[in-house]
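Chemist: Before we start, here is the structure in question, set down as structure tokens.
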Amino acid sequence: MNLGDTAEIRSLMRPDRVHRSVYLDPKIFELEMRNVFGRAWVYVGHESLVPRPGDYVTARIGSQPVVLSRHTDGRIYVFYNSCSHRGAVVCNEEKGSTKLFRCPYHGWTYATNGDLDAVSMPRGYGESFDLKDPALGLGRVARVSVYRGFVFASQAQSGPDLEAWLGPARESIDEMCDRAPEGEVDLGGGVHKYLFRGNWKLQLENVIDMYHVPFSHESTIGAGGRQFGRRPGESAGSAISDRGAAAAKWEQRTAWGARDFGHSYAGHQPVAEQIPDDPVFKAYVAALEARHGRERTLEILRPRRHNTAFFPNMTLQALNHHVRVIIPVAVDRTEIRVYPVKLKGAPEELNRGFVRQLNITHSAASLIQTDDLECFRRCQEGIEAQGSEWVWFARGIDTDRPDERGDLVNNGTVETQQRAQHAAWVRLMCAAG
Ligand code: FES
Ligand SMILES: [Fe+2]
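Positions 101 to 533 (the numbering used here) are the ones given, in order, by the sequence shown.
Spelled out as structure tokens, the structure:
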């Protein structure tokens, strides 16, 4: 296969199916790191993880190690985690706070914006070596932009700005932030991590897949086809298996996918949200009402979006608040980080409850996430079998319709969102430059 030939790439992703090599071929993975992760706006972290000057977190943009750091000027910088001397990773910690980054190998130091601070034993460098050369700083990632605290970076020098890239998917971030009485979220509630034996796209395709729920998560359904309660104060969860009205309700879910940049969401099931009557939730509602008034507060408490996937590496869930980051490691290895989302200005007890609930639903030992992980492992293993050349994404293809922006819309348990992801994948993989 000649991967320099865009016709070859296009032939691997058809509107209704994907060639299995897209999940298996290490050369395709390498090209994805260059063309998808090298061109997209990639989520790298959240402002709440680096609140004070000197705070930093390390992250990856595809295969590239980077540091996200808040400098003494209060601004956020994203630079490659690779010493300008001989390339060692300068910062080995996942997060922390520092005045300077010091390379472990020969001791060069860097400021928290990546600029070279000093080289050790400078007299050993002759006159010809210019220590003031800006190229001796840690290389900055070409573009960094922040939307309501969510920090994205792009390795492409030019292209659409972040707001245009996110498009209508921005509203999922808005919905989440608006649920915080202070209008901001806090991701500093810890992190769940796990590694699975499968391709990174399996996770991205899964979060907005409403077709798998009653089957993969069958063990979480009690008598009557109801899942355990997943909302504060809820004693019985929503009906998710095909009994009675459940199927009809699922057909009302919105499916949306942007073919240009690949973002997508699964709409919220039209459940009658009960507003819990306990004092903690009442205090939360009162804080929201103080800011927004009664009508808007009721709107905020009934989010329209359930799961959103920001192509290529971040997902946001409204039900059990979390941000999930997808880190491709190899064609058949993926690391996932799950950050609970706390609502700034909400009672501490409510936020603690959200974090606790996420342990049950999305930790590495949870009741729900483990079902998906087992399916990813089985997909990777099964796709390696010779049985079929294609992986199918045809569900709902005849009923997809364009909205006013030309994005795809549908309803129910369709594969519209994955088709949008695949369209964006082809566009980026085949883009010139
Ligand atoms: S590799 Fe960093 S100081 Fe030598
Ligand atoms: Fe799932």
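Quick reminder that beta carbons are idealized off the backbone N, C-alpha and C, glycines included.
Taking 6 Å as the cut-off, does the CB of TYR156 come closer than this to any heavy atom belonging to ligand 1?
Modeler: By one-based count along the sequence shown, residue 156 stands at place 56. Checking the Cβ of TYR156 against ligand 1 gives no.
Chemist: Is it right to say ARG186 is buried, meaning 16 or more other beta carbons lie within 10 angstroms of its own, or is it exposed?
Modeler: Your numbering for residue 186 matches position 86 in the sequence shown. Burial call: exposed.
Chemist: For TYR180 versus GLY237, is the C-beta spacing smaller than 7 Å?
Modeler: For the purposes of this step, residue 180 is taken as residue 80 along the sequence shown, with counting starting at 1. For the purposes of this step, residue 237 is taken as residue 137 along the sequence shown, with counting starting at 1. Taking 7 Å as the Cβ cut-off, TYR180 and GLY237 do not qualify as a contacting pair.
Chemist: Cβ atoms of ASP155 and SER197: under 7 Å apart, would you say?
Modeler: Taking the first residue of the sequence shown as 1, we reach residue 197 at position 97. Taking the first residue of the sequence shown as 1, we reach residue 155 at position 55. Closer than 7 Å, so yes.
Chemist: Quick one: any contact between the stretch 312-324 and the stretch 414-431, if contact means 3 or more CB pairs under 8 Å?
Modeler: Contact fails: fewer than three Cβ-Cβ distances are below 8 Å.
Chemist: Quick one: complete beta strand (DSSP E) runs, 3+ long, within the stretch 260-298?
Modeler: Runs of the beta strand (DSSP E) inside the stretch 260-298: 292-296.
Chemist: Give the range of the beta strand (DSSP E) segment to which TRP208 is assigned.
Modeler: Counting from 1 along the sequence shown, the entry for residue 208 is found at position 108. From DSSP, TRP208 is part of no beta strand (DSSP E); its letter is neither H nor E.
Chemist: Is DSSP giving ARG160 helix, strand or coil here?
Modeler: As a working mapping, residue 160 is identified with position 60 in the sequence shown. Correct three-state label for ARG160: strand.
Chemist: Just the Cα atoms here: how many angstroms apart are ILE273 and ASP261?
Modeler: Along the sequence shown, one-based indexing puts residue 273 at 173. Along the sequence shown, one-based indexing puts residue 261 at 161. Looking at the two C-alpha atoms, the distance is approximately 17 Å.
Chemist: Just to confirm before moving on: does the CB-CB distance between ALA409 and SER364 stay below 7 Å?
Modeler: Counting from 1 along the sequence shown, the entry for residue 409 is found at position 309. Counting from 1 along the sequence shown, the entry for residue 364 is found at position 264. Contact flag set, yes.
Chemist: If you reduce the DSSP assignment to three classes, tell me which class ALA485 lands in.
Modeler: Counted from its first residue, the sequence shown places residue 485 at position 385. Note: ALA485 maps to coil in three-state DSSP.
Chemist: Near ligand 1, which residues have their beta-carbon less than 5 Å from any of its heavy atoms, given in chain order?
Modeler: Per the Cβ criterion, the list is CYS183, HIS185, ARG186, ALA188, CYS203, TYR205, HIS206 and TRP208.
Chemist: State the Cα-Cα distance for the pair ALA446 and LEU149, rounded to the nearest angstrom.
Modeler: For the purposes of this step, residue 446 is taken as the residue at position 346 of the sequence shown. For the purposes of this step, residue 149 is taken as the residue at position 49 of the sequence shown. Cα to Cα, ALA446 sits roughly 18 Å from LEU149.
Chemist: Please find out if some non-hydrogen atom of ligand 2 comes closer than 6 Å to the beta-carbon of SER466.
Modeler: Indexing the sequence shown from 1 puts residue 466 at position 366. Not under cutoff, so the answer is no.
Chemist: Short of 6 Å in beta carbon distance, which residues of its chain neighbour LEU450, apart from the five on each side in sequence? Order them along the chain.
Modeler: On the sequence shown, residue 450 is found 350 positions in, with the first residue counted as 1. Closer than 6 Å at the Cβ level, and outside the excluded window around LEU450, lie VAL380 and TYR384.
Chemist: Are three or more beta carbon pairs between the stretch 475-486 and the stretch 121-139 nearer than 8 Å?
Modeler: Flag = yes, the stretch 475-486 and the stretch 121-139 touch.
Chemist: Quick check: is any heavy atom of ligand 2 less than 6 Å from the C-beta of SER316?
Modeler: For the purposes of this step, residue 316 is taken as the residue at position 216 of the sequence shown. Yes, the beta carbon of SER316 sits closer than 6 Å to at least one heavy atom of ligand 2.
Chemist: Please report the distance separating the alpha-carbon of TRP492 from that of THR470.
Modeler: One-based indexing of the sequence shown puts residue 492 at position 392. One-based indexing of the sequence shown puts residue 470 at position 370. The straight-line gap from Cα to Cα measures roughly 23 Å.
Chemist: Just to confirm my understanding: we take THR172, look at its own chain, exclude 5 residues before and 5 after, and list those with CB closer than 6 Å. What are they?
Modeler: What you label residue 172 is simply residue 72 of the sequence shown in a count that begins at 1. Once the five neighbours on either side are set aside, the close Cβ partners of THR172 are PRO153.
Chemist: For SER111, does the three-state DSSP call read helix, strand or coil?
Modeler: Position 11 of the sequence shown, counted from the start, is the residue given in the question as residue 111. Helix.
Chemist: Can you give the Cα-Cα distance for PHE129 and VAL244, rounded to whole angstroms?
Modeler: Numbered from 1 along the sequence shown, position 29 holds the residue referred to as residue 129. Numbered from 1 along the sequence shown, position 144 holds the residue referred to as residue 244. Each residue's Cα considered, the two are about 24 Å apart.
Chemist: Relative to ligand 2, is the shortest distance from any of its heavy atoms to the C-beta of ASP472 smaller than 6 Å?
Modeler: Taking the first residue of the sequence shown as 1, we reach residue 472 at position 372. Yes.
Chemist: Within the same chain, show all residues whose beta-carbon is closer than 6 Å to that of MET113, passing over the 5 residues directly before and after it, in chain order.
Modeler: Position 13 of the sequence shown holds residue 113. Here the set comprises HIS522 and VAL526.
Chemist: Leaving out five residues before and five after SER466 in sequence, what residues of the same chain have Cβ atoms less than 7 Å from its Cβ?
Modeler: Looking up residue 466 in the sequence shown gives position 366. Result list for SER466: ASN459 and ILE460, in chain order.
Chemist: For the stretch 450-503, which segments carrying the beta strand (DSSP E) assignment without a break, of at least 3 residues, lie completely within its bounds, in sequence order?
Modeler: Those beta strand (DSSP E) runs which fall completely within the stretch 450-503 and span 3+ residues are 490-492.
Chemist: Given that a residue counts as buried once 16 or more other Cβ atoms are within 10 Å of its Cβ, and exposed if not, what is ASP535?
Modeler: The structure shown has nothing for residue 535, since the chain only spans 101 to 533.
Chemist: Between the Cα of ARG456 and the Cα atoms of ASP500, ALA390, PRO440 and LYS444, which residue gives the shortest distance?
Modeler: Taking the first residue of the sequence shown as position 1, residue 456 is located at position 356. The option with the nearest alpha carbon to ARG456 is PRO440.
Chemist: In the structure shown, what three-state DSSP assignment does VAL307 receive?
Modeler: Residue 307 sits at position 207 when you count from the first residue of the sequence shown. VAL307 falls in the helix class under three-state DSSP.
Chemist: For HIS46, which three-state DSSP category applies?
Modeler: This structure gives no information on residue 46, because the portion of the chain shown stretches from 101 to 533.
Chemist: Would you tell me roughly how many angstroms separate the C-alpha atoms of GLU275 and ARG396, rounded to the nearest one?
Modeler: Position 175 of the sequence shown, counted from the start, is the residue given in the question as residue 275. Position 296 of the sequence shown, counted from the start, is the residue given in the question as residue 396. Distance between the alpha carbons of GLU275 and ARG396 is about 12 Å.
Chemist: Which residue or residues does DSSP assign as beta-bridge partners of VAL438?
Modeler: Sequence index remark: in the sequence shown, residue 438 carries index 338 (1-based). According to DSSP, VAL438 bridges with HIS292 and ARG424.
Chemist: Rounded to whole angstroms, how far is the Cβ of VAL251 from the Cβ of GLU147, which I believe are closer than 8 Å?
Modeler: If you number the sequence shown from 1, residue 251 lands on position 151. If you number the sequence shown from 1, residue 147 lands on position 47. That pair is a contact at about 6 Å.
Chemist: On the criterion of 16 or more Cβ atoms from any shown chain inside 10 Å, does MET101 qualify as buried, or is it exposed?
Modeler: Taking the sequence shown and counting its residues from 1, one reaches residue 101 at position 1. Per the 10 Å Cβ criterion, exposed.
Chemist: Where ALA386 and VAL285 are concerned, what is the direct C-alpha to C-alpha distance, given to the nearest angstrom?
Modeler: Your numbering for residue 386 matches position 286 in the sequence shown. Your numbering for residue 285 matches position 185 in the sequence shown. In a straight line, the C-alpha of ALA386 is about 18 Å away from that of VAL285.
Chemist: Does the beta-carbon distance from ALA366 to HIS406 come in below 7 Å?
Modeler: Your numbering for residue 366 matches position 266 in the sequence shown. Your numbering for residue 406 matches position 306 in the sequence shown. Yes, the pair counts as a contact, with Cβ atoms nearer than the cut-off.
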